[in-house]
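S.K.:
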Amino acid sequence: MSADDRRRKAERIRHLLETEGDSVHENTRVFNEGRYESTADLDDYEALKDEARAIKENAIERLPELLDRVTETVEANGGSVYVADDAADANRYVSEVVDGRTVVKSKSMTSEEIDVNDALEERGATVWETDLAEFVLQVADEAPSHIVAPAIHKSREEIADLFNEVFDPDEPLETAEELTRFAREYLGEKILDAEVGMTGANFVAADTGTLALVTSEGNARKCVQATDTHVAVAGVEKIVPSVEDLQPFVELIGRSGTGQDITSYVSLFTPPGDSPTFGGTDGDDGRGSSDEVRELESGDDREFHLVLIDNGRMAMREDDDLRETLYCIRCSACANSCANFQHVGGHAFGGETYSGGIATGWEAGVHGQESAAEFNDLCTGCSRCVNQCPVKIDIPWINTVVRDRINRGKEGKFDFLVEGLTPDAEPGGVDFQKRLFGNFDALARLGSAFAPLSNWVARSAPARSMMERTVGVDSRRELPQFERESLVDWFADRGPRVDPDEARRKVALYPDAYTNYVRTERGKAAVRVLESLGVRVDVPAAGESGRAPLSQGMVATARSNAEAVYEALSPAVAAGRDVVVIEPSDLAMFRREYERLLPEDNYDALSENSYEVMEYVYGLLEDGANADALSAGDGERIAYHGHCQQRTLGLEPYTLAVLEERGFDVVTSDVECCGMAGSFGYKSEYYDLSVDVGETLVDQFTTDDAADRTVVASGTSCLEQLDALLTRRPAHPVRLLDAR
Amino acid sequence: MSVEPIATFETSLDEIGVELVRAPAAEFESALAPLLDAPAVGTPLPFAGVSLPDAVETDPTVADLEAARTGVTAAGYGIADYGSVVIQGGPAGEEPVSLYADEHVAVVAASDVLPDMDATFDRLAEDAREGTGQAVIATGPSATADMGALVKGAHGPIEVAVVLLEDR
């Protein structure tokens with residue numbers, strides 16, 4: 001990306017933060033909290049997710065067979081099925097069916113994907129969006145900003161202004177109730193007069209040809225009932241084998257999306273339906289008094305067309321990394337739980353059609369990599385969406401893989417500069433900025449070797465200006481200060497202090513790049529804390545985990561880093577020692593991503609024997625280690641921010657338990673992520689968003705109750721962000737326990 | 001039928017703000033009366049010994065539907081865990097009658113109240129295979145948050161009530 005591109009991107013993000021950020025934030029917050037509450041009410045949430053996942057895996061595996069089956073059943077019921085290769089093919093078919101008549105539509109992202117409204121209008125048809133949010137967007141001529149609540153970026157005031165201007169009602173509309181009543185009446189007339197009802201389908205059961213539509217407003221029901229012709233458009237991936245298979249999805253989709261236990265209506269239509277129709281009045285000279293005697297007509301002759309859309313999906317099915325995307329039920333949990341999405345919304349965090357975390361997979365699969373490239377960097381890999389997805393898609397991985405493909409698909413103008421200078425395994429095309437951050441280990445090693453000179457040079461105005469221009473390191477961010485003596489060197493000089501024969505446990509403390517070269521104090525504190533609990537500690541030299549290159553989409557480099565780390569730590573593991581990790585993002589590599597980067601046995605060995613440092617301390621105390629060897633809190637008031645990936649792994653409770661056991665008085669943040677996310681907050685195009693996200697955390701730590709508390713955070717990034725945005729200097733929790 | 005699903009159904013309906021009236025079949029009309037706001041539309045009820053009062057229009061015109069304040073239909077099932085009713089739309093017009101009136105009154109037999117979604121989908125799947133064309137799991141009134149705040153009554157009913165036939 002050039003400096004100009006970065007500036008344009010930053011401007012666009014700033015604009016959206018100002019114009020849409022507040023509405024998006026308020027609405028996604030409600031959805032996000034609702035999801036946590038509603039899923040907590042389920043006794044068998046995890047089992048339901050496993051069941052849903054298994055059904056989708058099976059259905060996509062058997063897709064060709066299920067396509068044949070659904071075609072048979074729908075045709076046997078008296079409907080038609082058309083499998084469209086792409087958007088143009090689908091639109092041609094739908095246009096022929098509609099044949100210039102008036103269409104009322106319920107909300108369908110798949111219909112957005114193929115732009116069917118434009119195609120129909122070009123052929124002389126009139127199309128009305130009857131979902132109230134889609135109607136707002138149709139009137140405003142805007143694109144959806146959220147896959148479930150498409151007008152989430154507009155406030156009530158903005159909608160009222162829009163309606164008052166466009167429709168000029170006798171009494172200006174103001175409240176949500178007035179706006180809703182107005183739209184209901186306005187669209188009610190359109191529904192009454194329409195001849196074609198178009199819907200999407202959340203699921204299609206192959207054994208009976210049953211469509212499941214998950215809605216709240218009742219407009220989808222009306223669109224189908226009122227008209228003579230029902231057209232349903234759906235991606236081929238919506239097919240499940242049987243009606244019974246719908247049950248886990250019906251229980252999960254509303255909870256996962258808007259946080260409702262169930263939406264108002266889950267319609268199971270096995271079309272063509274025989275509800276009486278209104279028959280439409282197209283061609284008549286209007287309605288009015290004729291309504292008085294207008295009878296309902298028999299629905300026996302209703303036509304039904306199921307248009308199943310491939311548009312890249314069958315190719316995604318063959319793609320080992322994108323296949324999981326097809327399991328997506330478009331609930332929006334990944335968007336709602338994403339800190340960046342919560343702040344900037346789908347107009348930045350989205351491509352041609354889809355928005356939010358999983359959108360990268362959809363856009364890459366149906367519209368192509370370029371569409372995904374527009375927003376893919378907004379996924380920071382924080383992993384908060386991972387446990388929220390009702391079909392357990394590894395959304396960060398999909399974002400990483402697509403980023404890698406985007407990297408490889410580009411010609412880089414700094415190739416001559418970086419080839420050979422950066423010790424990575426990437427081809428020349430990778431963006432220089434990405435390579436810089438992806439090779440943080442090499443950078444840190446140099447920075448440390450030449451400290452403090454390297455720190456002075458890096459902080460100088462000309463250097464910062466150059467860095468901003470060439471690699472987009474925002475000059476408003478403070479750079480890490482490299483320590484001259486690395487943790488590994490410090491420990492080599494000092495040596496272990498616990499006799500191996502008397503040790504409670506023996507551990508290898510993993511010196512992640514930040515702890516080793518920048519925040520050595522927390523490494524030293526970890527060594528002392530573990531030793532005070534009777535643990536024999538060694539600090540083997542081991543390189544960067546691969547987190548840094550992985551976050552830039554440099555998968556090959558991440559893999560070679562992972563292999564090197566395994567080489568460095570495996571002798572300790574083989575000797576029965578535990579691996580203790582300070583930086584949660586690196587532990588998350590060992591436990592999550594290494595599964596994809598290392599041979600299975602190596603992954604198992606390392607992940608099963610690795611622990612986050614506070615998790616490990618908790619285990620030692622449970623095992624009878626003397627807690628009094630640790631510094632006492634004596635009621636010290638703490639505000640603790642757990643790291644995103646640490647929370648995804650379920651590790652936050654250990655830190656809390658240990659701090660509370662030692663007498664600290666702890667409150668915690670409940671934001672999904674601090675917004676720094678490794679390199680993300682350094683990048684000039686994302687600096688404003690990063691700070692905007694961070695301000696939510698700052699708000700929580702500057703309340704009356706929290707303003708005087710000591711700020712504690714587990715992740716390096718969180719510490720950097722908090723350090724930048726608060727006047728209090730934050731610390732890693734292990735330092736609170738260090739009695740030195 | 002054990003009493004447990006009925007008790008759960010009652011609690012669930014209460015949580016989502018749906019009024020429940022329990023009555024034996026013989027007392028259906030008097031149980032329904034306070035829920036009926038005129039003009040009312042309805043569809044014939046399939047329960048033995050139960051029928052709609054004459055004031056309820058069962059062959060509505062489009063205008064009747066649009067003017068209706070109450071719409072009465074049978075529900076094929078109740079779902080105890082969620083407080084849902086299953087509306088099986090057919091030629092008699094259950095779909096428009098349950099959608100257009102301000103208030104939908106669903107009449108459900110106690111023996112059709114199922115404990116949970118698992119049990120419900122077993123039945124719905126069987127029904128679909130046997131040719132039931134439509135089953136809408138309806139939970140509370142229609143709603144939208146699209147206009148900047150939660151509003152009850154979007155395109156569908158603003159209110160829902162359930163009459164439970166205790167001996168059916």
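Listed in order, the protein sequences are those of chains A and B. Take 1 as the starting number for the first sequence in the UniProt record's numbering and just add one per residue. Take 1 as the starting number for the second sequence in the UniProt record's numbering and just add one per residue. Note that beta-carbon positions come from the ideal geometry of N, C-alpha and C, so glycine has one too. Predicted model only: the values in this text are computed from it and were never measured.
Would you kindly work out how many angstroms separate the C-alpha atoms of residue 689 of chain A and residue 340 of chain A, rounded to a whole number?
M.R.: Between residue 689 of chain A and residue 340 of chain A, the C-alpha separation is close to 7 Å.
S.K.: Can you give me the Cβ contacts of residue 288 of chain A inside the same chain, cut-off strictly under 7 Å, excluding the 5 residues immediately before and after it?
M.R.: Residue confidence is low: residue 288 of chain A scores 45 on pLDDT, short of 50, so the model does not pin down where it sits. No coordinate-derived value is stated.
S.K.: With DSSP as the reference, please indicate the residues paired to residue 536 of chain A in a beta bridge.
M.R.: Under DSSP, residue 536 of chain A shares a beta bridge with A/506.
S.K.: Within the same chain, show all residues whose beta-carbon is closer than 7 Å to that of residue 146 of chain B, passing over the 5 residues directly before and after it, in chain order.
M.R.: none
S.K.: Pairing CB atoms from the segment 116-126 of chain A with CB atoms from the segment 335-351 of chain A, are three or more of them under 8 Å?
M.R.: Fewer than three beta-carbon pairs drawn from the segment 116-126 of chain A and the segment 335-351 of chain A are found closer than 8 Å, and the two stretches are therefore not classed as touching.
S.K.: Could you tell me whether any Cβ in chain B is nearer than 8 Å to the Cβ of residue 285 of chain A?
M.R.: Because residue 285 of chain A carries a pLDDT of 43, less than 50, the predicted location of this residue cannot be relied on, and no value is offered for it.
S.K.: Under a Cβ-count criterion, where at least 16 other Cβ atoms within 10 Å of its own Cβ denotes burial, should residue 60 of chain B be classed as buried or exposed?
M.R.: Counting Cβ neighbours within 10 Å, residue 60 of chain B comes out buried, since at least 16 surround it.
S.K.: Please report how far the alpha carbon of residue 406 of chain A lies from the alpha carbon of residue 516 of chain A, in whole angstroms.
M.R.: 32 Å
S.K.: Quick one: complete alpha helix (DSSP H) runs, 4+ long, within the segment 90-115 of chain A?
M.R.: 109-113
S.K.: Closest to residue 573 of chain A by C-alpha separation, out of A/588, A/631, A/601 and A/157, would be which residue?
M.R.: Of the candidates A/588, A/631, A/601 and A/157, A/601 places its Cα closest to the Cα of residue 573 of chain A.
S.K.: What is the DSSP secondary structure of residue 13 of chain A, counted as helix, strand or coil?
M.R.: Residue state, collapsed to three classes: helix.
S.K.: Taking a Cβ distance cut-off of 7 Å, strictly less, list which residues of the segment 240-256 of chain A are near chain B, in chain order.
M.R.: 242, 243, 244, 246, 247, 250 and 251
S.K.: Where does residue 191 of chain A fall in DSSP's three states?
M.R.: It is helical.
S.K.: From what residue to what residue does the beta strand (DSSP E) around residue 305 of chain A run?
M.R.: 303-309
S.K.: Taking beta-carbon pairs under 9 Å, can you tell me which members of the segment 258-272 of chain A lie near chain B?
M.R.: 258, 260, 261, 262, 263, 264, 265, 266, 267, 268, 269, 270, 271 and 272
S.K.: What residues of chain A sit near residue 143 of chain B, judged by a beta carbon separation below 8 Å?
M.R.: 216, 217 and 264
S.K.: Is it true that the CB of residue 566 of chain A sits closer than 8 Å to the CB of residue 748 of chain A?
M.R.: Because chain A here runs from 1 to 740, residue 748 of chain A falls outside it and cannot be looked at.
S.K.: Taking 8 Å as the CB-CB limit, is residue 222 of chain A close to chain B?
M.R.: yes
S.K.: Name the one or two DSSP bridge partners that residue 665 of chain A has.
M.R.: BP columns for residue 665 of chain A point to A/637.
S.K.: DSSP three-state call for residue 295 of chain A: helix, strand or coil?
M.R.: strand
S.K.: Quick one, are the C-beta atoms of residue 71 of chain B and residue 41 of chain B less than 8 Å apart?
M.R.: yes
S.K.: Please name the residue, chosen from A/663, A/665, A/664 and A/647, that lies closest to residue 674 of chain A on a Cα-to-Cα basis.
M.R.: A/647
S.K.: Roughly how many angstroms lie between the CA atoms of residue 679 of chain A and residue 153 of chain A, to the nearest whole one?
M.R.: 28 Å
S.K.: How big is the Cα-Cα spacing for residue 10 of chain B and residue 163 of chain B?
M.R.: 11 Å
S.K.: In chain order, what residues of the same chain have a beta carbon less than 6 Å from the beta carbon of residue 605 of chain A, not counting five sequence neighbours either side?
M.R.: Around residue 605 of chain A: 573.
S.K.: 8 Å is my cut-off, CB to CB: does residue 330 of chain A come that close to chain B?
M.R.: no
S.K.: Could you check where the alpha helix (DSSP H) with residue 479 of chain A kicks off and where it finishes?
M.R.: First-last for residue 479 of chain A: undefined, no H or E at that position.
S.K.: For residue 22 of chain B, report the span of its beta strand (DSSP E) as first-last.
M.R.: Taken as a continuous stretch (DSSP letters only), the beta strand (DSSP E) holding residue 22 of chain B covers 19-23.
S.K.: Mind listing which residues of the segment 288-319 of chain A have their C-beta closer than 9 Å to chain B's C-betas, in chain order?
M.R.: 291, 292, 293, 294, 295, 296, 298, 299 and 300
S.K.: Please classify residue 180 of chain A: does DSSP put it in a helix, a strand, or coil?
M.R.: Secondary structure of residue 180 of chain A (DSSP, three-state): helix.
S.K.: Name, please, each residue of chain B whose Cβ falls closer than 7 Å to the Cβ of residue 169 of chain A.
M.R.: The contacting residues do not exist; residue 169 of chain A stays about 14 Å from chain B at best.
S.K.: Quick one: which chain B residues come within Cβ less than 8 Å of residue 208 of chain A?
M.R.: 125, 128 and 129
S.K.: Quick one: grab the DSSP three-state call for residue 563 of chain A.
M.R.: helix
S.K.: Note down, in chain order, every chain A residue with its Cβ under 8 Å from the Cβ of residue 82 of chain B.
M.R.: 261 and 262
S.K.: Sorted by chain position, which residues of the same chain lie with C-beta nearer than 7 Å to residue 276 of chain A's C-beta, five sequence neighbours on each side aside?
M.R.: 296, 297, 298 and 299
S.K.: Where do the N-terminal and C-terminal ends of the beta strand (DSSP E) with residue 675 of chain A fall, by residue?
M.R.: Annotation for residue 675 of chain A: no beta strand (DSSP E) segment contains it, and DSSP assigns it neither H nor E.
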